[in-house]
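**Q**
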Amino acid sequence: MKTPTFTIRLAFMVLLMSAALQPVLAKQPDTDIEANKAVVRRYFDAFNRADFSHLDEIVTADYGDRLEGQTPGIHVIRSYLEGLKASFPDFTWTIEQIVAEGDRVAVMNRVSGTQLHDFGGLKATGNKVDFRAFQIYRIEGGKLAEHWEVADFATFQSQLTAKPKESAFQSFQKDLDPKEGKKK
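Following this line, the structure appears as C-alpha cells:
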C-alpha cells in the first residue's frame, strides 16, 4: 500500500523539479552540434550561390557581426554580403575545417574570387584573390546570432593591389641557386 503513495510523491517531486528547472534549461545554449554546423554550412552555401532570399531563416534579426566597424542587424549583413558578391561575383567560401561545441561553431575556410567591380575605393582590377579566414559563430534558436573573424586581410589587400604577375616570393625563389639554395 505504501508503494503507490511513494510513487505518486516521487512523480510529483520530479514534476515540480522539472517545472522549477524549466527557466534554467531554456537559457542553455544550443547544443545540437550537428544542427549548428548545418546552419553554418547553409549560410556558406547561400553566400556561394548569392541567394540571400532566405537569410532571415539563417541569421537572427539582430545578428551581431563583430568585424571592425560593423553594426548589428540582418539588414547590415545582407548589404555586406551583396556588396561582396557585387565586387567579386565568383567569390566563394570553401570550408576546410569545421568544429563545434555547445552553441559555437568554428570554421577554417578559404576565400577566393575575382575582383570584377569596384571594391572599397579600389577600381576593378580583374585580380584573383585567394586567402584563408577563421570564423567563430554563436548559434541561437537554430540561427547564426554572432560572428567573429580573423582573416588574412594583408594577403587579400596585396592581391587586390598587386599587378597580376608573379608574386615577390615567386621572384625570390627564381633567384635562388637550385643547387645550394642561396641567392645567385
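Taking mature numbering (1 follows the signal peptide of the UniProt record, and there is no 0), I'd label the letters of the sequence shown as residues -26 to -1, 1 to 158. Cβ atoms here follow ideal geometry from the backbone N, Cα and C, with glycine treated the same way. This structure is a prediction, so every number in the text was calculated from the model and none was measured.
Going by C-alpha to C-alpha distance, which of ASP36, SER132 and LEU29 sits closest to VAL55?
**A** It should be pointed out that residue 55 corresponds to Leu in this sequence rather than to Val. Per the Cα distances, LEU29.
**Q** Return the bridge partner residues of ASP104 from the DSSP annotation.
**A** Per DSSP, SER86.
**Q** On the three-state DSSP scale, how would you describe GLY95?
**A** Here GLY95 sits in coil by DSSP.
**Q** From which residue to which residue does the alpha helix (DSSP H) around HIS121 run?
**A** Not the alpha helix (DSSP H): HIS121 falls in the beta strand (DSSP E), residues 117 to 125.
**Q** What is the rounded straight-line gap between the Cα of ASP104 and the Cα of SER61?
**A** So the alpha carbons of these two residues sit roughly 15 Å apart.
**Q** In angstroms, rounded to a whole number, what distance separates the CA positions of HIS121 and VAL50?
**A** Between HIS121 and VAL50, the C-alpha separation is close to 13 Å.
**Q** On a Cα-Cα basis, can you pick out the residue from ILE110, ARG84 and MET82 that is closest to GLY76?
**A** For the residues ILE110, ARG84 and MET82, the minimum Cα distance to GLY76 belongs to ILE110.
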